[in-house]
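Residue numbers (my numbering), protein chains in the order written: chain A, 628 to 1186; chain B, 2 to 359. Note that beta-carbon positions come from the ideal geometry of N, C-alpha and C, so glycine has one too. Scroll down for the structure; my scribbles are underneath it.
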Amino acid sequence: MAKPTGIAAEGEVLQTRTPDQGGALKTMPAPATWLDERIGLGKLGKAALRKVFPDHWSFLLGEIALYSFIVLLLTGIFLTIWFRPSMAEIEYQGSYELMRGLHMSQAFESTLQISFDVRGGMLVRQIHHWGAILFMAAMTAHMLRVFFTGAFRKPRELNWLIGVVLLSLGMIAGMTGYSLPDDLLSGTGLRFTDGAIRSIPLVGTWIEFFVFGGEYPGDMIIARFYMAHILLLPAILLGLISAHMALVVYHKHSLFPGPGRTENNVVGYPLFPVYMAKAGGFFFIVFGVLILMGATMSINQVWLYGPYNPAQVTAGSQPDWYMGWVEGAVRIMPGWESHWGGTTWSWNVFLPFAVLMGLFYTALAVWPFIEAWLTGDKRPHHILDRPRNAPTRTALGVAGMTFYGLMWAGGGNDIIATQFNVSLNAVTYFLRVAVFVGPVIAFIITKRLCLSLQRADRERVLHGSESGIIVRSPAGGYSEPHVPISNDEAFALTQHRQYPPLEETPSHDEHGVKTSDPNKVSGLRARLSAWYTGDDIVKPTRDEIAASHHHEDEPKQLH
Amino acid sequence: MTPEHSTSLATTEDDALLHPIPNPGIEHHAERYTDVDAKAADRAYKQVVGIFGLVPLLAIAFVVIYFAVPRHATANLLGVNWHVHTTLLGLTGGLAVLLIGVGAIHWSRQLMNDTEIAEDRHAAASTDEERAGFVDVVNQGIRDAGVSRRKMIVASLGGALGIVAVPAIVTLADIGPYPTAANRRETIEKTVWADGVRVVNDANRLPLKASDIEIGQLVNAEPENLWDLHGKDYMNMKSKTPLVVVRMDPNTIKIPESRKDWHVGGILAYSKICTHVGCPISLWEQQTHHLLCPCHQSTFDLGNSGVVVFGPAARALPQLPLKVDAEGYLVAQSDFTVPVGPSYFERDSRNDYKDGDE
Chain A
628 MAKPTGIAAE
638 GEVLQTRTPD
648 QGGALKTMPA
658 PATWLDERIG
668 LGKLGKAALR
678 KVFPDHWSFL
688 LGEIALYSFI
698 VLLLTGIFLT
708 IWFRPSMAEI
718 EYQGSYELMR
728 GLHMSQAFES
738 TLQISFDVRG
748 GMLVRQIHHW
758 GAILFMAAMT
768 AHMLRVFFTG
778 AFRKPRELNW
788 LIGVVLLSLG
798 MIAGMTGYSL
808 PDDLLSGTGL
818 RFTDGAIRSI
828 PLVGTWIEFF
838 VFGGEYPGDM
848 IIARFYMAHI
858 LLLPAILLGL
868 ISAHMALVVY
878 HKHSLFPGPG
888 RTENNVVGYP
898 LFPVYMAKAG
908 GFFFIVFGVL
918 ILMGATMSIN
928 QVWLYGPYNP
938 AQVTAGSQPD
948 WYMGWVEGAV
958 RIMPGWESHW
968 GGTTWSWNVF
978 LPFAVLMGLF
988 YTALAVWPFI
998 EAWLTGDKRP
1008 HHILDRPRNA
1018 PTRTALGVAG
1028 MTFYGLMWAG
1038 GGNDIIATQF
1048 NVSLNAVTYF
1058 LRVAVFVGPV
1068 IAFIITKRLC
1078 LSLQRADRER
1088 VLHGSESGII
1098 VRSPAGGYSE
1108 PHVPISNDEA
1118 FALTQHRQYP
1128 PLEETPSHDE
1138 HGVKTSDPNK
1148 VSGLRARLSA
1158 WYTGDDIVKP
1168 TRDEIAASHH
1178 HEDEPKQLH
Chain B
2 MTPEHSTSLA
12 TTEDDALLHP
22 IPNPGIEHHA
32 ERYTDVDAKA
42 ADRAYKQVVG
52 IFGLVPLLAI
62 AFVVIYFAVP
72 RHATANLLGV
82 NWHVHTTLLG
92 LTGGLAVLLI
102 GVGAIHWSRQ
112 LMNDTEIAED
122 RHAAASTDEE
132 RAGFVDVVNQ
142 GIRDAGVSRR
152 KMIVASLGGA
162 LGIVAVPAIV
172 TLADIGPYPT
182 AANRRETIEK
192 TVWADGVRVV
202 NDANRLPLKA
212 SDIEIGQLVN
222 AEPENLWDLH
232 GKDYMNMKSK
242 TPLVVVRMDP
252 NTIKIPESRK
262 DWHVGGILAY
272 SKICTHVGCP
282 ISLWEQQTHH
292 LLCPCHQSTF
302 DLGNSGVVVF
312 GPAARALPQL
322 PLKVDAEGYL
332 VAQSDFTVPV
342 GPSYFERDSR
352 NDYKDGDE
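Written out as structure tokens, the structure is:
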């Protein structure tokens, strides 16, 4: 199999340089034999080296997340060499002249030292910050790919759950990270975190005092976040990412529908050499791009913000992008608070912070099980859905993205107001309504689009594609002949499984006796199932396709 | 066998229905230029080697820049002030790393065999035989352990394992002080503002004289005794004590009966810490008497006892009762009458000012 490219090998230069068809090895080399006798390298290698991975650009999104995590580990180690996670107050006497004589924490001083005095320090700090931003962005995009293609379905539900945990922990890892420099912006973020924790009913102050070691800000939080950021969270992330990868290997990668692709195979290129070069090369591309970003795009300029001062804040204070949607929810929430007896129930913070995030991640986590319940489908799936073939899911996903995006816009309501010269109040009032109405509109439009695309697929299979040629008949009529599509394409357009809505199980059998079927479908489930799959455009049957090929009205095939 | 227990991946029973067009098999391999044209292949080969060959040059440049370029050098280019050392290190290092990736991918796309191959999947689930075997070995283990006859062993072990979590969690009890009512009164419900404490400008620490503040002016202020504290105590207190001191024309603002003695000729003092999540509020709209928090845009009307007029905050800003001392300086009459800062569950919010209170 591992033969050099046939025709090219006959070329002048390659002929003299390429090993012959059998490969270079006659027997296992000595070091490999040494390892084989100890860990069975031969068996491992034989099973793993030619493992097949399918090719698709969207499968790279998860790889970007994985590689940016590795970059974060590498650059993070560099930063820990100089960073001092201490809130002890010192007077700055370093090389950044504008801050000489200012009182600040050791954490902020060491951040300035890394930025200005350690050679390469500024570069690595910026790579690390861009890496975190890319890590979250890639995970989010990867999750959307998995959602819209139905890759979360059996047998991959557990990997979806691991992914949801990774996404939420990544957010906390980022938050604890950008809090460490103890500059004015990160301190403002901590102030917000404190206020948000406090708002939790019954236990808010307890968590606050436990997290901060007493009253805000205290002198513990940087050291504690440091522990979480460099030890606790990376260890958990690393473990979960390993499990995530192991399950990908065990299940083998899912793949898009196409000729030769079945539920029983995986079609693509072997790990050795193609994917080693492609995936390994892609790591260097992600790393290289992050280094170039760190070199040319300044980020988190803490020396402009200055040390944290609880009595100061700057306009336009915002968290990193992945916290933006929560920030937006907190901003556009009306000021609701209940005062019952001597207690305060701070709905204005608790709902958009803890409850919203809890609901969001719970909704993500339970979706694979809800969908299986709606379709009644218990088969394993390895062929991915084209998003149009699951219109309600796709519409729900777009509705969710719309909700997230509007919340995210809310996180910049002040920037929108100042940049577009509109009223801040109007932006906020608009978003208060739009976060509820927008997703509904997005759902309806997306579902209609998906169904139209399904109709177009059906037309395409039955009547071919438009030829772009207008033919005038002797009688004066105009028509456009259609060209049949390839068999490969026709297969790809018709191979998907459709789910007729579940039927309600009658509660009584024909003798009027109450049934007790454990798999019975309730009325509610039947209605939801009809809502979920009932609008699908039925794909053409074999008979319809056969009939369409003999259709009398069908213009003759053009050649 | 029901579908959910199926161990086979093939679902052939409805293949005609599922696949109106039979699976045509993997498409024919389309040859690339490099497959059919030896010159193209040779070009690709030289490109890959050339790309990899640039990496050592960039790595050497990186090392030279690291030692040769002054670490604080800056240069103005394209209207931007570049930190030369950082930028050059990143450009050489980044390109070096990037080119390794570009070369490897170019190699795999142009020169490696690109015939797609298929590999069979194995069902994630075990076969019925394996499941039966699993049940057998578990039963064997249970018999060997003898726990079916001596059930208390499992129960007592489970209880023992469960209960050791309790000491483990208890060791964390010193993670922070407990916010008991007494502790809260000494921490989040208390500041160093007290009768006679002078109001000082927070930038130059000079005491504020009523006569120095003009109508429409806002001064950020702190208690004079804040700087008696140091380290953690100073930071904790500074998170609660900041004031905004504003002077408004008393005839254009609402001053309720209960607060008619809290101001000095239209000079009012409010907590600067937002009642939403605790940002220091700082944007003053002089004409409307509104104060806007830049974090979440809660807006308070300082001409109406600090009530919320917009945004997510729910409670009015606490007002600090002011008076003047014998030398004409602004001083506090007492501490704040309600806790400052964001809400918390145990907070008794019945004493806060509500719009319309007298």
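Original post:
If we ignore side chains and look at the alpha-carbon of each, how far apart do K1005(A) and A778(A) end up?
Top reply: Here residue 1005(A) refers to the residue found at position 378 when the first sequence is read from its first residue. Here residue 778(A) refers to the residue found at position 151 when the first sequence is read from its first residue. Cα to Cα, the separation comes out at about 14 Å.
Original post:
At a Cβ threshold of 8 Å, is Q939(A) touching chain B?
Top reply: Counting from one through the first sequence, the residue named residue 939(A) turns up at place 312. So yes, Q939(A) belongs to the interface.
Original post:
Got a sec: is the Cβ-Cβ distance from H73(B) to anything in chain A below 8 Å?
Top reply: Taking the first residue of the second sequence as 1, we reach residue 73(B) at position 72. Yes, because at least one Cβ of chain A sits closer than 8 Å to the Cβ of H73(B).
Subject >> Proximity winner among L227(B), L244(B) and P343(B), relative to G822(A) (alpha-carbon distances) >> reply: Numbered from 1 along the first sequence, position 195 holds the residue referred to as residue 822(A). The shortest Cα separation from G822(A) among L227(B), L244(B) and P343(B) belongs to P343(B).
Original post:
Would you say D1144(A) faces chain B, with C-beta separation under 8 Å as the test?
Top reply: Along the first sequence, one-based indexing puts residue 1144(A) at 517. Chain B contact via Cβ: absent.
Subject >> Residues in the segment 303-334 of chain B having any Cβ partner in chain A nearer than 9 Å >> reply: Within the segment 303-334 of chain B, the residues whose Cβ lies closer than 9 Å to some Cβ of chain A are V309, F311, G312, P313, A314, A315 and R316, listed in chain order.
Original post:
So who's on the other strand from P46(B), going by DSSP bridges?
Top reply: In the second sequence, residue 46(B) corresponds to position 45, counting from 1. According to the sequence displayed, residue 46(B) carries Tyr and not Pro. None, per the DSSP bridge assignment.
**OP:** Give the range of the beta strand (DSSP E) segment to which W972(A) is assigned.
**Re:** Here the question's residue 972(A) lines up with position 345 in the first sequence. Residues T970 to W972.
Subject >> Cβ-based burial, D660(A) [other Cβ within 10 Å; buried from 16] >> reply: One-based indexing of the first sequence puts residue 660(A) at position 33. Correcting the residue type first, residue 660(A) is Thr in the shown sequence and not Asp. With fewer than 16 other Cβ atoms within 10 Å, it is exposed.
Subject >> Within-8 Å CB hit, L960(A) to chain B >> reply: One-based indexing of the first sequence puts residue 960(A) at position 333. A quick correction: the sequence has Met, not Leu, at residue 960(A). So, interface residue.
Subject >> Three or more C-beta pairs below 8 Å linking the segment 773-791 of chain A and the segment 710-723 of chain A >> reply: no
**OP:** Could you run through the segment 1107-1131 of chain A and flag, in chain order, every residue whose CB is less than 7 Å away from some CB of chain B?
**Re:** N1114, D1115, A1117, F1118, T1121, Q1122 and R1124
Subject >> Neighbour flag for M2(B) against chain A, beta carbons, 8 Å >> reply: The residue given as residue 2(B) occupies position 1 in the second sequence. Low local confidence applies: a pLDDT of 31 at M2(B) is under 50, so the model's placement there is unreliable, with the coordinate-based value given in what follows. Not one chain A Cβ lies under 8 Å of M2(B).
Original post:
Using a Cβ-Cβ distance under 8 Å, would H277(B) count as near chain A?
Top reply: As a working mapping, residue 277(B) is identified with position 276 in the second sequence. It does: the Cβ of H277(B) has a partner Cβ on chain A nearer than 8 Å.
**OP:** Could you confirm whether any beta carbon from chain B is found closer than 8 Å to the beta carbon of H1009(A)?
**Re:** Locating residue 1009(A) in the first sequence gives position 382, where the first residue counts as 1. With 8 Å as the cut-off, H1009(A) counts as an interface residue toward chain B.
Original post:
Between R199(B) and chain A, is there a C-beta pair that is closer than 8 Å?
Top reply: Walking along the second sequence from the start, residue 199(B) turns up at place 198. Residue-level contact by beta carbon fails for R199(B) and chain A, as no gap is shorter than 8 Å.
**OP:** Please report how far the alpha carbon of G1027(A) lies from the alpha carbon of I760(A), in whole angstroms.
**Re:** Position 400 of the first sequence, counting from 1, holds the residue named residue 1027(A). Position 133 of the first sequence, counting from 1, holds the residue named residue 760(A). Those two C-alpha atoms are separated by around 21 Å.
Original post:
Just curious, the beta strand (DSSP E) that S965(A) is in, first and last residue?
Top reply: Within the first sequence, numbered from 1, the residue matching residue 965(A) stands at position 338. S965 to W967 is the extent of the beta strand (DSSP E) around S965(A).
Subject >> Beta-carbon proximity check, H86(B) vs A97(B), cutoff 8 Å >> reply: Locating residue 86(B) in the second sequence gives position 85, counting from the first residue. Locating residue 97(B) in the second sequence gives position 96, counting from the first residue. Result no, Cβ atoms of H86(B) and A97(B) do not sit closer than 8 Å.
**OP:** Please work out which residues of its chain come closer than 8 Å, Cβ to Cβ, to F63(B), disregarding the five sequence neighbours upstream and downstream, and give them in chain order.
**Re:** For the purposes of this step, residue 63(B) is taken as residue 62 along the second sequence, with counting starting at 1. Here the set comprises L90, T93, G94 and A97.
Original post:
Smallest Cα separation from I1042(A): which of E664(A), L978(A) and G943(A)?
Top reply: Translated into positions along the first sequence, residue 1042(A) becomes position 415. Out of E664(A), L978(A) and G943(A), G943(A) has the C-alpha closest to the C-alpha of I1042(A).
**OP:** Residues of the segment 1050-1061 of chain A with a CB closer than 8 Å to any CB of chain B: list them in chain order, please.
**Re:** L1051, N1052 and T1055
Original post:
K1166(A) versus chain B: which residues are under 9 Å apart at the beta carbon?
Top reply: Position 539 of the first sequence, counted from the start, is the residue given in the question as residue 1166(A). The CB of K1166(A) comes closer than 9 Å to the CB of P21 in chain B, given here in chain order.
Original post:
Hey, L898(A) and K670(A): beta-carbon distance below 8 Å or not?
Top reply: Against the first sequence, residue 898(A) aligns to sequence position 271. Against the first sequence, residue 670(A) aligns to sequence position 43. Not closer than 8 Å, so no.
**OP:** Pull up the distance between the alpha-carbon of P429(B) and that of Q945(A), whole angstroms please.
**Re:** Look at the range of chain B in this structure, 2 to 359, and you will see that residue 429(B) is not part of it.
**OP:** Pick out the complete alpha helix (DSSP H) segments inside the segment 17-92 of chain B, 4 residues or longer, and give them in chain order.
**Re:** 34-37 and 39-69
**OP:** Measure how close the beta-carbons of I274(B) and V245(B) come, nearest whole angstrom, since I'm counting them as under 8 Å.
**Re:** Here the question's residue 274(B) lines up with position 273 in the second sequence. Here the question's residue 245(B) lines up with position 244 in the second sequence. Not confirmed; about 10 Å, so no contact.
Original post:
At least one CB of chain E closer than 8 Å to the CB of M749(A): is that the case?
Top reply: In summary, chain E is missing from the structure at hand, where the protein chains are A and B.
Subject >> Other residues of its chain near P1018(A): CB distance less than 8 Å, five sequence neighbours each side excluded >> reply: Position 391 of the first sequence, counted from the start, is the residue given in the question as residue 1018(A). Excluding sequence neighbours, P1018(A) sits near T1073, K1074, C1077, L1078, Q1081, D1162 and D1163.
Subject >> M612(A) - containing alpha helix (DSSP H), residue span >> reply: Any answer about residue 612(A) is impossible in this case: the structure gives chain A only from 628 up to 1186.
Original post:
Exposed or buried, what is W194(B) when buried is set at 16 or more other beta-carbons lying within 10 Å of its beta-carbon?
Top reply: Position 193 of the second sequence holds residue 194(B). So W194(B) counts as buried.
Original post:
Does any C-beta atom of chain B lie closer than 8 Å to the C-beta of F909(A)?
Top reply: Here residue 909(A) refers to the residue found at position 282 of the first sequence. For F909(A), the answer is yes, since a Cβ of chain B falls inside 8 Å of its Cβ.
**OP:** Would you list, in chain order, the members of the segment 215-226 of chain B that have their beta-carbon closer than 8 Å to a beta-carbon of chain A?
**Re:** Taking 8 Å as the Cβ-Cβ cut-off against chain A, the residues of the segment 215-226 of chain B that qualify are N221 and E223.
Original post:
Counting pairs of Cβ atoms below 8 Å between the segment 993-1004 of chain A and the segment 1039-1057 of chain A, do you hit three or more?
Top reply: no
**OP:** Using a threshold of 8 Å, state whether the C-beta atoms of L867(A) and F346(B) are closer than that.
**Re:** Looking up residue 867(A) in the first sequence gives position 240. Looking up residue 346(B) in the second sequence gives position 345. No, the pair does not count as a contact, with Cβ atoms beyond the cut-off.
Original post:
What are the complete beta strand (DSSP E) segments, minimum 3 residues, inside the segment 903-990 of chain A?
Top reply: 965-967 and 970-972
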